[in-house]
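Numbering (our numbering), first residue to last: 25 to 243. Virtual Cβ for every residue (Gly too), placed ideally from N, Cα, C.
Structure representation (structure tokens):
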């Protein structure tokens, strides 16, 4: 098949020997053309993350939910510009957070604040998550599930306010659920991305690219 394609292209070039091939002309319009679909997605992301920043920037609200940083992190890490991208990421992050928080809670109940035993119990969980990461559909989920018990059991700062790991697990789940719920509602309400619209955009962009290449090469 590759040989037939080469012969076909060679034959086409020999037949069209007198065809004048123009060089591609530089045009600022081609390099600085506004992609409105990307612009709307960027605007949507700015609005969602801006709303999530409220939980961190307002002191009274931040104190009630322990600084609210996990709400903002959940919003920042659940944005996607593909069809169902945001919703799929939200679902995978929620599942990964729940599984990771449950293992973190089991770890805390088993060994308490013993650092050496905590690392030993986290090892089989890391091995399991590393094995499940080989499956593409579980890649992002197990990444969150692997990082959650590390953050919960090993990420508490010694100079910060003393907060039991059990409460820290529940707090992390609570903030992630709040952030994921906000992201889910805003992703559906603000500039929803439908499959038919994305398909039309891809067809149009690919057609314009092919037409421009053909026009600049053979016209």
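TODO: Compute the Euclidean distance between the alpha carbons of residue 183 and residue 100, then round it to the nearest angstrom.
DONE: The predicted position of residue 183 is uncertain, since its pLDDT is 42 and thus under 50; a value taken from the coordinates is nonetheless stated next. Taking the straight line joining both Cα atoms gives about 27 angstroms.
Open item on the list: I'd like the list of long-range same chain contacts for residue 156, defined as Cβ closer than 7 angstroms, with 5 residues on each side in sequence excluded.
Closed with: Correct list, in chain order: 162 and 166.
Open item on the list: If I measure Cβ to Cβ from residue 116 and keep anything under 6 angstroms in the same chain, skipping five residues before and after, which residues do I get?
Closed with: Excluding residues up to 5 positions away in sequence, 164 and 165 lie with their Cβ nearer than 6 angstroms to the Cβ of residue 116 in the same chain.
Open item on the list: Does residue 186 come out as helix, strand or coil in the three-state DSSP assignment?
Closed with: Reliability of the predicted coordinates at residue 186 is poor, the pLDDT of 48 falling under 50, and the value obtained from them is presented with this limitation in mind. Of the three classes helix, strand and coil, the one that applies to residue 186 here is coil, per DSSP.
Task: Exposure label - residue 129; buried when at least 16 CB within 10 Å - done: Around the beta-carbon of residue 129, 16 or more other beta-carbon atoms lie within 10 Å, marking it buried.
Task: Burial state of residue 148, where buried means 16 or more other Cβ atoms lie within 10 Å - done: By the 10 Å Cβ count, residue 148 comes out exposed.
Open item on the list: Judging by CA-CA distance, which residue of 178, 114 and 158 is the nearest neighbour of residue 145?
Closed with: Among 178, 114 and 158, the Cα nearest to that of residue 145 belongs to 178.
Open item on the list: Does residue 75 come out as helix, strand or coil in the three-state DSSP assignment?
Closed with: If DSSP states are grouped into helix, strand and coil, residue 75 belongs with the helices.
Task: Residue environment, residue 98, which counts as buried when at least 16 other CB atoms sit within 10 Å - done: Buried, since its Cβ has 16 or more Cβ neighbours within 10 Å.
Task: Assigned secondary structure, residue 120 (DSSP; H/G/I helix, E/B strand, else coil) - done: Here residue 120 carries a helix assignment [DSSP, helix/strand/coil].
TODO: Using beta-carbon positions only, say whether residue 169 and residue 150 come within less than 7 angstroms of one another.
DONE: The Cβ-Cβ distance between residue 169 and residue 150 does not fall below 7 angstroms.
- [ ] Return the chain-ordered list of same chain residues with a C-beta closer than 8 angstroms to the C-beta of residue 70, the five sequence neighbours on each side being excluded.
- [x] So no residue of the chain qualifies.
TODO: State the DSSP-derived secondary structure class of residue 159, mapped to helix, strand or coil.
DONE: Here residue 159 sits in coil by DSSP.
Open item on the list: Give me, in chain order, the residues of the same chain whose beta-carbon lies closer than 6 angstroms to that of residue 141; leave out the 5 immediate sequence neighbours on both sides.
Closed with: 135.
Task: residue 177 (DSSP reduced to helix, strand or coil) - done: In this structure, residue 177 counts as helix in the three-state DSSP scheme.
Open item on the list: Let's test the definition: count the other Cβ atoms within 10 Å of the Cβ of residue 203 and tell me whether it reaches 16, buried, or not, exposed.
Closed with: The residue is buried, with at least 16 neighbouring Cβ atoms inside 10 Å.
Open item on the list: So, for residue 114: in the same chain, excluding its five sequence neighbours on each side, which residues have a beta-carbon less than 7 angstroms away from its beta-carbon?
Closed with: Apart from sequence neighbours up to five positions away, the residues of its chain that approach residue 114 with a beta-carbon distance below 7 angstroms are 102, 204, 207 and 208, ordered along the chain.
- [ ] Using a threshold of 7 angstroms, state whether the C-beta atoms of residue 124 and residue 96 are closer than that.
- [x] The Cβ atoms of residue 124 and residue 96 lie no closer than 7 angstroms to each other.
Task: Span separating the alpha-carbon of residue 200 from that of residue 64 - done: Taking the CA atoms as reference points, residue 200 sits about 25 angstroms from residue 64.
Open item on the list: Please state the DSSP three-state secondary structure of residue 70.
Closed with: In the three-state reduction of the DSSP assignment, residue 70 falls in the helix class, which pools H, G and I.
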